[in-house]
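Basically the working numbering = 1-based index in the sequence shown + 1483. Every residue, glycine too, gets a C-beta built ideally from N, C-alpha and C. Okay, so here's the structure we're looking at.
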Amino acid sequence: MAHALAQVRGRPVLTALPHAGRWGALKYGCALLAALCSWGLAVGLGLPHVIGLGLAVLAFYAAEVQGLFLFPLLLDGVEHPWRSGRALLRRAGGTLHAVGTVLMLAGVMLLGGLVGRGWVRCWCLGCLAVVHWYEDLRA
């Protein structure tokens, strides 16, 4: 993502990302917890596992988009990246709108390699799309 941001801005790459591991663990830990809880609830209610899996995917991305712009904000050195990211998410149309877009990006990022488009290339395209989205919202 740092390389994508540097490319879009035409500036040198930032290599130090303060506390990226902690922020990433928080973001993806919460998303994973939301997915597991929703799947567990579906199973507890006796719903078929395929429905539970679908709900888990939606819950994962609904939680994950809460930190959608977290890493670009960290790269920019924002003092309160979570709060600032939530403000950008609202400006982007809110959680439901962002989940729809992120599901499409995730499909490209995670499944692009299966159709011969290259895993790294597809992952980078997803990062670049988020960076462009971030830059549009900042403007």
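Taking C-alpha atoms, which residue in Leu-1588, Trp-1606 and Gln-1549 lies nearest to Ala-1514? Along the sequence shown, one-based indexing puts residue 1514 at 31. Ranking Leu-1588, Trp-1606 and Gln-1549 by Cα distance to Ala-1514 puts Gln-1549 first.
Out of Tyr-1544, Gly-1504 and Gly-1512, state which residue places its alpha-carbon closest to the alpha-carbon of His-1580. As a first step, residue 1580 must be located in the sequence shown, where it is residue number 97. Among Tyr-1544, Gly-1504 and Gly-1512, the Cα nearest to that of His-1580 is on Tyr-1544.
How far does the alpha helix (DSSP H) with Phe-1554 in it extend, from its first residue to its last? Position 71 of the sequence shown holds residue 1554. Here the alpha helix (DSSP H) through Phe-1554 covers 1553–1558.
Cα-Cα, which of Gln-1490, Gly-1535, Ala-1546 and Gly-1529 is closest to Gly-1512? Indexing the sequence shown from 1 puts residue 1512 at position 29. The shortest C-alpha separation from Gly-1512 is found at Ala-1546.
Is it true that the stretch 1533–1543 meets the stretch 1559–1572, where meeting means three or more beta-carbon pairs spaced less than 8 Å apart? no
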